[in-house]
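Residue numbers (my numbering), protein chains in the order written: chain A, -4 to 191; chain B, -4 to 191.
Think of the CB as a built atom: it goes at the ideal place given N, C-alpha and C, for glycine as much as any other residue.
One structure is given here, and the rest of the page talks about it.
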DNA sequence: TCGCAGTATGAACGCTTGTTCACCTGCTCG
DNA sequence: CGAGCAGGTGAACAAGCGTTCATACTGCGA
């Protein structure tokens, strides 16, 4: 007698998505290692075992989460770059604004991706590291380009390091924006863009 | 037959410090929940049980680490503020430079403090949260002061939010500097200070 | 209507975790 | 010199972990 399982009128394959979302929420709040499969199961009204009908392991769920957010970030950044001219200043502003908006719109995703990717098995972790590097390189390229063409200048410093430092500084501002942003949305995008 | 324990010529009370340091290194690398007491014990050539002669629990070690780095940060910031005039611009530059240098000098400490304080029990976690807020308030106060006296201006935005946003943006740059900084040291302190 | 594929159950698994404990040791000091 | 004690050992503990599995339910296509 399985008493209260008339709730089985649940979605067909959407369960996978619900697990994905619950993982997002819980990993964000408690961290990957701080979240148990049982908590995950509770959050989607399932038994621990049922999770394994949708993901072969807890790690694979983390990877699915991290991988997807990278897909989205890549898509947004390359679309943004396509939609703007080849003026480095405009490019930088557009990239920063778009990436900021992205982090504001998806604070859970970006936080988990940035914080918990360490817990992936070596192979998958490396793949993530590569993707992160590519994003950084994208910003650095724009800055380097702008410097070469005289649109940006980096004070008293040797050029190579300064470009890297500046792009990292900008990225840091952008990446952490999701940590503190709370009120009215679209403003802050202009905000950080204005800060250059 | 305790075979190879002639190594017992170890320090008297310095062991606590060695555990503290090993915890710092391991928590930084693997995260708090990703580090086991046995790994910790291995790192200081001890038995798991021996750890508990120095710390009543794993959590208490985390708290000791996080608490100390906040002590040091507070000390540095208030000393810095004491050593400079009451010009908001100079104050901001000095604070940012000092805090940046701090994060560069202590990447393990600051990373663990910023990342793993969530795993503290509620009471201790709250105390840490309060201390973090106080640091942010310090920067915000300087900015607010500077704005009121006409030294800073925040573009098209309403004043209240802008001050908060700007101070957070600055802090984000500073706080994450330890994540990517690697080569020649004293330069980057000037660097971020110059970025304002 | 039947059977099958998909999905959930719940109990169990082996293992690792943080922590405890009885005991041993070797310095320090009266 | 002998007692005491801080600090170490190593084996054990219960609890919790991720994961597996035999079993059972259910809705859909033939």
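| query | result |
| --- | --- |
| Closer than 8 Å to chain B by CB, residue 154(A) | Caution is warranted here: a pLDDT of 48 is assigned to residue 154(A), below 50, making its placement in the model unreliable, and no coordinate value can be reported. |
| is_contact[residue 26(B), chain A] using C-beta, thresh 8 Å | yes |
| Residue environment, residue 9(B), which counts as buried when at least 16 other CB atoms sit within 10 Å | exposed |
| Local conformation of residue 15(B) per DSSP, three classes | helix |
| Burial state of residue 27(A), where buried means 16 or more other Cβ atoms lie within 10 Å | buried |
| Best match in 123(A), 84(A), 25(A) and 87(A) for proximity to residue 112(A) [C-alpha to C-alpha] | 123(A) |
| Contact set between residue 110(A) and chain B, taken where Cβ atoms lie within less than 8 Å | 110 |
| Short CB-CB distance (under 8 Å) between residue 113(A) and chain B | yes |
| Minimum Cβ-Cβ distance from residue 141(B) to chain A less than 8 Å | no |
| Any C-beta of chain A under 8 Å from that of residue 68(B) | no |
| Residue 73(B) classed as buried or exposed, judged by whether at least 16 other C-beta atoms fall within 10 angstroms | exposed |
| Residue 40(A), DSSP secondary structure in three states | coil |
| Best match in 127(A), 125(A), 60(A) and 119(A) for proximity to residue 107(A) [C-alpha to C-alpha] | 60(A) |
| Residue of 38(A), 30(A) and 87(A) minimising C-alpha distance to residue 142(A) | 87(A) |
| Extent of the continuous alpha helix (DSSP H) to which residue 64(A) belongs | 53 to 77 |
| Contact set between residue 29(A) and chain B, taken where Cβ atoms lie within less than 8 Å | 28, 113 and 114 |
| Residue environment, residue 167(B), which counts as buried when at least 16 other CB atoms sit within 10 Å | buried |
| Proximity of residue 56(B) and residue 76(B) at Cβ, strictly below 8 Å | no |
| Pair within 8 Å by beta-carbon distance, residue 68(A) and residue 22(A) | no |
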